[in-house]
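Enquirer: Here's a structure for you.
Protein chains: 2
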Amino acid sequence: MKTIDLDILTTAFAGIETIADPAQVAKLSQDYHTFSPVLVPKLEGKVGDIVVRPANEEEVLKVAAICAKYRVPVTVRGAGTGNYGQCVPLHRGVIVDMTRMDKIVWVKPGVARVEAGVKLAALDKQAREIGWEMRMTPSTYRTATIGGFIAGGSGGIGSIQYGLLGDRGNLLALRVVTLEDEPRVIELRGDDVQKVNHAWGINGIITQLEIPLGPAYPWAEVIVTFEDFMTAAKFGQALGNADGMIKKLITIFASPIPQYFHALQQYIPEGVHSAFLMVAEPSLESLSGLVQQYGGQITYEKPAQEAGKGTHLAEFAWNHTTLHARTVDTSITYLQSMFPADTNLQLVEHMYHYFGDEVMMHLEFFRANGKVTVGGLQLVRYTTEERLNEIIRYHEKQGVQIANPHTYIIEDGGRKVIDPEQLKFKEMVDPYGLMNPGKSKVLQLKIKS
Amino acid sequence: MKTIDLDILTTAFAGIETIADPAQVAKLSQDYHTFSPVLVPKLEGKVGDIVVRPANEEEVLKVAAICAKYRVPVTVRGAGTGNYGQCVPLHRGVIVDMTRMDKIVWVKPGVARVEAGVKLAALDKQAREIGWEMRMTPSTYRTATIGGFIAGGSGGIGSIQYGLLGDRGNLLALRVVTLEDEPRVIELRGDDVQKVNHAWGINGIITQLEIPLGPAYPWAEVIVTFEDFMTAAKFGQALGNADGMIKKLITIFASPIPQYFHALQQYIPEGVHSAFLMVAEPSLESLSGLVQQYGGQITYEKPAQEAGKGTHLAEFAWNHTTLHARTVDTSITYLQSMFPADTNLQLVEHMYHYFGDEVMMHLEFFRANGKVTVGGLQLVRYTTEERLNEIIRYHEKQGVQIANPHTYIIEDGGRKVIDPEQLKFKEMVDPYGLMNPGKSKVLQLKIKS
Numbered sequence: 075m076k077t078i079d080l081d082i083l084t085t086a087f088a089g090i091e092t093i094a095d096p097a098q099v100a101k102l103s104q105d106y107h108t109f110s111p112v113l114v115p116k117l118e119g120k121v122g123d124i125v126v127r128p129a130n131e132e133e134v135l136k137v138a139a140i141c142a143k144y145r146v147p148v149t150v151r152g153a154g155t156g157n158y159g160q161c162v163p164l165h166r167g168v169i170v171d172m173t174r175m176d177k178i179v180w181v182k183p184g185v186a187r188v189e190a191g192v193k194l195a196a197l198d199k200q201a202r203e204i205g206w207e208m209r210m211t212p213s214t215y216r217t218a219t220i221g222g223f224i225a226g227g228s229g230g231i232g233s234i235q236y237g238l239l240g241d242r243g244n245l246l247a248l249r250v251v252t253l254e255d256e257p258r259v260i261e262l263r264g265d266d267v268q269k270v271n272h273a274w275g276i277n278g279i280i281t282q283l284e285i286p287l288g289p290a291y292p293w294a295e296v297i298v299t300f301e302d303f304m305t306a307a308k309f310g311q312a313l314g315n316a317d318g319m320i321k322k323l324i325t326i327f328a329s330p331i332p333q334y335f336h337a338l339q340q341y342i343p344e345g346v347h348s349a350f351l352m353v354a355e356p357s358l359e360s361l362s363g364l365v366q367q368y369g370g371q372i373t374y375e376k377p378a379q380e381a382g383k384g385t386h387l388a389e390f391a392w393n394h395t396t397l398h399a400r401t402v403d404t405s406i407t408y409l410q411s412m413f414p415a416d417t418n419l420q421l422v423e424h425m426y427h428y429f430g431d432e433v434m435m436h437l438e439f440f441r442a443n444g445k446v447t448v449g450g451l452q453l454v455r456y457t458t459e460e461r462l463n464e465i466i467r468y469h470e471k472q473g474v475q476i477a478n479p480h481t482y483i484i485e486d487g488g489r490k491v492i493d494p495e496q497l498k499f500k501e502m503v504d505p506y507g508l509m510n511p512g513k514s515k516v517l518q519l520k521i522k523s
Numbered sequence: 075m076k077t078i079d080l081d082i083l084t085t086a087f088a089g090i091e092t093i094a095d096p097a098q099v100a101k102l103s104q105d106y107h108t109f110s111p112v113l114v115p116k117l118e119g120k121v122g123d124i125v126v127r128p129a130n131e132e133e134v135l136k137v138a139a140i141c142a143k144y145r146v147p148v149t150v151r152g153a154g155t156g157n158y159g160q161c162v163p164l165h166r167g168v169i170v171d172m173t174r175m176d177k178i179v180w181v182k183p184g185v186a187r188v189e190a191g192v193k194l195a196a197l198d199k200q201a202r203e204i205g206w207e208m209r210m211t212p213s214t215y216r217t218a219t220i221g222g223f224i225a226g227g228s229g230g231i232g233s234i235q236y237g238l239l240g241d242r243g244n245l246l247a248l249r250v251v252t253l254e255d256e257p258r259v260i261e262l263r264g265d266d267v268q269k270v271n272h273a274w275g276i277n278g279i280i281t282q283l284e285i286p287l288g289p290a291y292p293w294a295e296v297i298v299t300f301e302d303f304m305t306a307a308k309f310g311q312a313l314g315n316a317d318g319m320i321k322k323l324i325t326i327f328a329s330p331i332p333q334y335f336h337a338l339q340q341y342i343p344e345g346v347h348s349a350f351l352m353v354a355e356p357s358l359e360s361l362s363g364l365v366q367q368y369g370g371q372i373t374y375e376k377p378a379q380e381a382g383k384g385t386h387l388a389e390f391a392w393n394h395t396t397l398h399a400r401t402v403d404t405s406i407t408y409l410q411s412m413f414p415a416d417t418n419l420q421l422v423e424h425m426y427h428y429f430g431d432e433v434m435m436h437l438e439f440f441r442a443n444g445k446v447t448v449g450g451l452q453l454v455r456y457t458t459e460e461r462l463n464e465i466i467r468y469h470e471k472q473g474v475q476i477a478n479p480h481t482y483i484i485e486d487g488g489r490k491v492i493d494p495e496q497l498k499f500k501e502m503v504d505p506y507g508l509m510n511p512g513k514s515k516v517l518q519l520k521i522k523s
């Protein structure tokens with residue numbers, strides 16, 4: 075790779091918005107990998123040289139041509155809410171900030187087409203005017219962009235109904251700009267979208283996406299408390315399995331996790347376990363029946379009408395749980411795990427007792443291949459990297475799949491190997507291996523050559 | 075039970091619409107139990123004495139008081155599209171025809187309140203104006219009433235998304251008029267609805283219902299053909315498991331079943347097996363990918379825009395399959411079976427080969443307790459009752475649950491025993507055991523005393 079001459083780049087980018095101020099560039103070289111005490115030292119000091127903020131696809135094409143010409147590394151970012159260091163440039167270069175491309179191209183019943191930099195909340199606002207909303211969103215819903223969510227995310231609030239982003243049907247089309255000498259725009263539809271879906275933003279620069287929408291039910295938010303953790307977990311599974319009840323979020327917290335949520339402490343007495351739920355209002359009466367069956371107690375209920383006001387339960391779920399815990403205790407980190415579909419939740423119970431307070435149970439229910447599955451974003455009281463790895467290995471040995479959020483290397487995270495179709499596409503659209511080189515073991519070889 | 079004096083009854087009913095013409099009364103004593111060659115002789119000649127057609131709840135209260143006073147058996151009916159003889163009066167008496175009570179009380183996003191005699195199609199028409207529709211409907215959608223569906227049905231088109239009618243959340247409230255000396259109106263909500271849900275219309279006279287609605291997706295209708303039956307079945311399972319794809323109907327027909335569908339023969343060559351699907355249009359592109367993966371061929375695709383026109387695939391599915399087959403060959407009857415949730419579909423495969431052409435495979439996929447489950451409404455080439463029972467017993471021995479549609483006795487059908495809560499409620503609302511006496515073994519004792 076050539077040494078980067080900033081002056082040449084700045085001149086080349088003339089007419090396109092850029093940011094060269096080192097403090098701002100440093101800020102835009104960051105994401106939420108700071109949740110991991112393992113990643114922080116590894117990614118420390120990794121910054122880009124310049125940020126470019128294209129306003130439209132034409133400008134993206136120009137940026138791509140310039141970067142290809144000068145063989146400059148390119149790191150694409152939305153709001154930078156990822157946790158694997160997806161937005162941290164490992165080999166300096168150009169940061170492409172997509173947030174100016176925030177046009178909602180169209181919204182139809184069940185489908186929307188947007189530019190990559192559209193914020194999830196902005197799309198929802200417009201979609202809800204005609205009765206629809208995003209099928210699933212991360213807990214960073216208010217700030218995250220759709221392009222970033224597709225490139226770096228995997229699911230979230232809504233996954234209990236629609237599964238994960240990688241499931242067929244949850245992404246309908248996308249357009250990428252290539253990093254070739256003469257950059258092209260490629261539109262992928264149908265199964266072809268998987269060539270770019272969840273490819274950590276290194277398979278071309280996503281400019282537009284077509285995503286399916288779900289019906290905008292009136293969502294009520296509910297907290298249910300339980301004396302016993304496993305009863306709470308089983309309640310979550312039963313609610314997940316209740317096909318006649320419409321839900322968007324089923325989160326289970328073992329005590330003492332909710333004690334980290336200052337705004338909600340009055341609803342969750344110390345020592346009890348709790349379920350945080352988003353349920354469609356037509357299912358609320360049925361929910362009481364299920365809660366009663368499991369001996370739970372509804373301590374908080376916020377009607378859909380007040381959805382815009384005050385506390386939003388979803389912002390305590392998924393990885394926002396970790397965020398809240400870390401504002402109280404920065405030594406806390408987390409796991410990302412998938413328990414085998416198992417209605418008895420035996421492995422959950424085993425881990426709950428085995429690790430005790432060191433690994434605090436935070437469960438998220440979602441659908442995987444047609445079954446209600448339990449994921450864990452357990453909070454870990456961090457001591458050393460060795461101990462963290464020991465905890466991870468123990469889970470894996472018992473059959474719990476870990477999508478390790480303590481690595482920035484793709485193959486060491488959730489997928490272990492890069493899908494060959496993705497790799498093939500990557501090689502076509504990024505022939506010089508410029509897109510955040512260093513993210514992948516198999517691709518690192520290329521950069522060095 | 076007293077002997078019925080028609081003159082006294084007729085006088086008592088003054089001011090309420092009645093039908094006394096024997097031919098019409100006989101017609102209104104019928105339903106679709108005629109699908110079963112076993113039930114036909116058993117229910118032959120069973121007719122009511124008079125039909126009464128209340129226009130509102132006040133009239134229902136009057137009818138109930140009169141029937142209680144004179145201890146007259148009461149058989150409630152909607153459109154009479156049931157298949158278990160639910161509407162056939164076993165001990166004469168009064169037929170209460172609810173079809174005049176067809177008021178839609180209100181429709182809100184996600185919920186509707188209706189009188190029992192509202193036709194499913196009529197509710198859908200009004201609900202769709204605000205973007206909603208019934209979550210599930212039987213194949214008799216155009217004629218069936220909501221009260222009849224709840225009292226005598228169990229699920230149908232839509233159950234692949236929402237499960238069965240008995241699942242918590244699929245019925246929100248109902249009102250019944252009791253058969254006491256001084257009849258009351260009782261409103262049941264939440265879990266209490268299960269006291270009347272699917273109670274074969276003998277737990278009080280249902281006058282109003284509150285049901286949840288689902289989003290009115292633009293539904294496309296698709297036929298996919300396969301060379302191999304088990305590939306078609308596995309495709310059905312995979313589509314059911316595809317959480318990111320929105321579907322309303324997954325029906326699999328073994329050859330030669332589709333040959334009974336005259337209107338569709340051009341799309342299904344002889345000897346091939348087929349899937350009849352209703353899929354939301356935003357999921358259509360993803361469907362092609364899945365079809366390709368299973369080596370199927372899309373031979374028919376009707377866009378949602380044309381939903382109102384021509385052939386409607388749903389009217390060839392669920393028990394309409396049997397109807398179509400019987401119009402060609404009246405010797406055909408059917409089974410109703412539930413295969414254990416089993417992704418390998420081994421039992422389906424076993425039965426397919428074991429019975430060959432005698433039991434033609436017709437599968438309907440639906441959700442049960444959170445899992446995609448396969449139901450069979452197999453077409454049977456009927457020879458004798460003994461052979462039919464042998465076929466049923468063989469299925470049961472292998473672990474296939476049979477909801478026997480060849481009996482009019484509740485306990486011999488799907489549930490084997492009457493739910494104790496339903497029984498308790500029944501005893502309260504119908505203290506004289508007037509509601510179609512003879513439908514239940516446990517209740518028959520009462521009538522004789």
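Here the protein sequences line up with chains A and B, keeping their order. All letters in the first sequence, in the order written, are residues 75 to 523 by my numbering. All letters in the second sequence, in the order written, are residues 75 to 523 by my numbering. Glycine included, every Cβ here is placed at the ideal spot set by N, Cα and C.
Candidates A/174, A/340, A/181, A/169: which alpha carbon is nearest residue 193 of chain A's?
Expert: Position 119 of the first sequence holds residue 193 of chain A. Checking every option, the nearest Cα to that of residue 193 of chain A belongs to A/174.
Enquirer: Determine, for residue 521 of chain A, whether the minimum Cβ-Cβ distance to residues of chain B falls below 7 Å.
Expert: Numbered from 1 along the first sequence, position 447 holds the residue referred to as residue 521 of chain A. The pLDDT assigned to residue 521 of chain A is 48, lower than 50, so where the model puts this residue is not dependable; a value taken from the coordinates is nonetheless given after this. Judged by the 7 Å Cβ criterion, residue 521 of chain A is not in contact with chain B.
Enquirer: Kindly indicate which residue of A/165, A/212, A/220 has the alpha-carbon position closest to the one of residue 176 of chain A.
Expert: Counted from its first residue, the first sequence places residue 176 of chain A at position 102. Among A/165, A/212, A/220, the Cα nearest to that of residue 176 of chain A belongs to A/220.
Enquirer: Can you check whether the CB of residue 248 of chain A is closer than 7 Å to the CB of residue 186 of chain A?
Expert: One-based indexing of the first sequence puts residue 186 of chain A at position 112. One-based indexing of the first sequence puts residue 248 of chain A at position 174. Taking 7 Å as the Cβ cut-off, residue 186 of chain A and residue 248 of chain A do not qualify as a contacting pair.
Enquirer: Which chain A residues are close to residue 318 of chain B, counting only those with a beta carbon under 7 Å from its beta carbon?
Expert: Taking the first residue of the second sequence as position 1, residue 318 of chain B is located at position 244. Within chain A, the residues near residue 318 of chain B are 236, 237, 241, 242, 243, 244.
Enquirer: With 7 Å as the threshold, decide whether the Cβ of residue 75 of chain B is near any Cβ in chain A.
Expert: Residue numbering aside, residue 75 of chain B sits at position 1 when the second sequence is read from its first letter. Because the pLDDT at residue 75 of chain B is just 47, under 50, the model does not fix this residue reliably, and the value given afterwards should be weighed accordingly. No, residue 75 of chain B does not count as interfacial toward chain A.
Enquirer: Under DSSP, the beta strand (DSSP E) around residue 449 of chain A begins and ends at which residues?
Expert: The sequence position of residue 449 of chain A within the first sequence is 375, counting from 1. Run containing residue 449 of chain A: 445 to 450, per the beta strand (DSSP E) assignment.
Enquirer: Please classify residue 211 of chain B as buried or exposed, where buried requires at least 16 neighbouring CB atoms within 10 angstroms.
Expert: Here residue 211 of chain B refers to the residue found at position 137 when the second sequence is read from its first residue. When all chains shown are included, residue 211 of chain B counts as buried.
Enquirer: With three or more beta-carbon pairs closer than 8 Å as the criterion, would you say the region 401 to 415 of chain A touches the region 489 to 502 of chain A?
Expert: Judged by Cβ distances under 8 Å, the region 401 to 415 of chain A makes no contact with the region 489 to 502 of chain A, as fewer than three pairs qualify.
Enquirer: How would you write the range of the alpha helix (DSSP H) that residue 177 of chain B sits in, first residue to last?
Expert: By one-based count along the second sequence, residue 177 of chain B stands at place 103. From DSSP, residue 177 of chain B is part of no alpha helix (DSSP H); its letter is neither H nor E.
Enquirer: Report yes or no: is there a C-beta of chain A within less than 7 Å of the C-beta of residue 150 of chain B?
Expert: Here residue 150 of chain B is taken as the residue at index 76 of the second sequence, counted from 1. Judged by the 7 Å Cβ criterion, residue 150 of chain B is not in contact with chain A.
Enquirer: Which one of A/433, A/508, A/145, A/365 has the shortest CA to CA distance from residue 29 of chain A?
Expert: Residue 29 of chain A lies beyond the residue range present for chain A, which begins at 75 and ends at 523; the question has no answer from this structure.
Enquirer: Which word fits residue 548 of chain B, buried or exposed, when buried means at least 16 other C-beta atoms lie within 10 angstroms of its C-beta?
Expert: Nothing about residue 548 of chain B can be read from this structure; chain B reaches only from 75 to 523.
Enquirer: CB residue 196 of chain A to CB residue 172 of chain A, shorter than 7 Å?
Expert: Sequence index remark: in the first sequence, residue 196 of chain A carries index 122 (1-based). Sequence index remark: in the first sequence, residue 172 of chain A carries index 98 (1-based). Contact flag unset, no.
Enquirer: Could you tell me the alpha carbon to alpha carbon distance between residue 233 of chain B and residue 113 of chain B, rounded to whole angstroms?
Expert: Working through the second sequence from its first residue, we reach residue 233 of chain B at position 159. Working through the second sequence from its first residue, we reach residue 113 of chain B at position 39. Whole-angstrom Cα-Cα distance: 27 Å.
Enquirer: Under a Cβ-count criterion, where at least 16 other Cβ atoms within 10 Å of its own Cβ denotes burial, should residue 127 of chain B be classed as buried or exposed?
Expert: What you label residue 127 of chain B is simply residue 53 of the second sequence in a count that begins at 1. Label assigned to residue 127 of chain B: buried.
Enquirer: Taking residue 357 of chain B as the query, report the chain A residues whose CB atoms sit under 8 Å from its CB, ordered along the chain.
Expert: Mapped onto the second sequence, residue 357 of chain B falls at position 283. In chain order: 243, 286.
Enquirer: Could you compute how far the alpha carbon of residue 458 of chain A sits from the alpha carbon of residue 111 of chain A?
Expert: Looking up residue 458 of chain A in the first sequence gives position 384. Looking up residue 111 of chain A in the first sequence gives position 37. If you take the alpha carbons of residue 458 of chain A and residue 111 of chain A, they lie about 9 Å apart.
Enquirer: Pairing CB atoms from the region 320 to 331 of chain B with CB atoms from the region 246 to 264 of chain B, are three or more of them under 8 Å?
Expert: Contact fails: fewer than three Cβ-Cβ distances are below 8 Å.
Enquirer: For a test of the three-state rule: what should DSSP assign to residue 435 of chain A, helix, strand or coil?
Expert: Within the first sequence, residue 435 of chain A is the residue found at index 361, counting from 1. The answer is coil: DSSP assigns residue 435 of chain A none of H, G, I, E or B.
Enquirer: Under a three-way DSSP split, which group does residue 352 of chain A fall into?
Expert: In the first sequence, residue 352 of chain A corresponds to position 278, counting from 1. Of the three classes helix, strand and coil, the one that applies to residue 352 of chain A here is strand, per DSSP.
Enquirer: Would a check of beta-carbon distances place residue 363 of chain A closer than 7 Å to chain B?
Expert: Translated into the one-based positions of the first sequence, residue 363 of chain A becomes position 289. It does: the Cβ of residue 363 of chain A has a partner Cβ on chain B nearer than 7 Å.
Enquirer: Are at least three pairs of beta-carbons, each pair with one atom in the region 478 to 488 of chain B and one in the region 409 to 418 of chain B, less than 8 Å apart?
Expert: Contact between the region 478 to 488 of chain B and the region 409 to 418 of chain B is present, because at least three Cβ pairs lie under 8 Å.
Enquirer: Would the beta-carbon of residue 152 of chain A fall within 7 Å of that of residue 107 of chain A?
Expert: Position 78 of the first sequence, counted from the start, is the residue given in the question as residue 152 of chain A. Position 33 of the first sequence, counted from the start, is the residue given in the question as residue 107 of chain A. No.
Enquirer: Please classify residue 522 of chain A: does DSSP put it in a helix, a strand, or coil?
Expert: If you number the first sequence from 1, residue 522 of chain A lands on position 448. Here residue 522 of chain A scores only 41 on pLDDT, less than 50, and its place in the model should not be relied on; the value that follows carries that caveat. In the structure shown, residue 522 of chain A sits in a helix (DSSP, three-state: H, G or I).
Enquirer: Only counting runs of 4 or more residues, tell me where the alpha helix (DSSP H) segments fall wholly within the region 172 to 251 of chain B, in order along the chain.
Expert: Segments of the alpha helix (DSSP H) lying fully in the region 172 to 251 of chain B: 194 to 202, 220 to 226, 233 to 236.
Enquirer: Measuring straight from C-alpha to C-alpha, what distance separates residue 519 of chain B and residue 507 of chain B?
Expert: Residue 519 of chain B sits at position 445 when you count from the first residue of the second sequence. Residue 507 of chain B sits at position 433 when you count from the first residue of the second sequence. Because the pLDDT at residue 519 of chain B is just 45, under 50, the model does not fix this residue reliably, and the value given afterwards should be weighed accordingly. Their Cα atoms are separated by approximately 10 Å.
Enquirer: Which of the residues in the region 156 to 186 of chain B, read from start to end, lie with their CB under 9 Å from any CB of chain A?
Expert: Residues 182, 183, 184, 185.
Enquirer: Quick one: Cα of residue 374 of chain B to Cα of residue 339 of chain B, how far?
Expert: To locate residue 374 of chain B, count along the second sequence from 1; it is residue 300. To locate residue 339 of chain B, count along the second sequence from 1; it is residue 265. The alpha-carbon atoms of residue 374 of chain B and residue 339 of chain B are separated by roughly 11 Å.
Enquirer: Is the separation between the beta-carbon of residue 440 of chain A and that of residue 229 of chain A shorter than 7 Å?
Expert: The residue labelled residue 440 of chain A in the question sits at position 366 within the first sequence. The residue labelled residue 229 of chain A in the question sits at position 155 within the first sequence. Result yes, Cβ atoms of residue 440 of chain A and residue 229 of chain A sit closer than 7 Å.
Enquirer: Give the interface partners of residue 265 of chain B over in chain A, defined as CB-CB distance under 9 Å, in chain order.
Expert: The sequence position of residue 265 of chain B within the second sequence is 191, counting from 1. Correct list: 359, 360, 362, 363, 364, 366, 367.
Enquirer: Determine, for residue 127 of chain B, whether the minimum Cβ-Cβ distance to residues of chain A falls below 7 Å.
Expert: Position 53 of the second sequence holds residue 127 of chain B. Closer than 7 Å: no.
Enquirer: Please list the residues of the region 398 to 416 of chain A that have a C-beta atom closer than 7 Å to any C-beta atom in chain B, keeping them in chain order.
Expert: The residues in question: there are none.
Enquirer: Cβ of residue 271 of chain B within 7 Å of Cβ of residue 245 of chain B?
Expert: The count along the second sequence starts at 1 and reaches residue 271 of chain B at position 197. The count along the second sequence starts at 1 and reaches residue 245 of chain B at position 171. Cβ atoms of residue 271 of chain B and residue 245 of chain B: closer than 7 Å.
Enquirer: For residue 294 of chain B and residue 351 of chain B, what's the separation of their Cα atoms in angstroms?
Expert: Position 220 of the second sequence, counted from the first residue, corresponds to residue 294 of chain B. Position 277 of the second sequence, counted from the first residue, corresponds to residue 351 of chain B. When rounded, the distance between both Cα atoms is 8 Å.
Enquirer: On the DSSP bridge assignment, give the partners of residue 411 of chain B in chain order.
Expert: Numbered from its first residue, the second sequence carries residue 411 of chain B at position 337. Note: residue 411 of chain B sits in a beta bridge opposite B/450, B/476.
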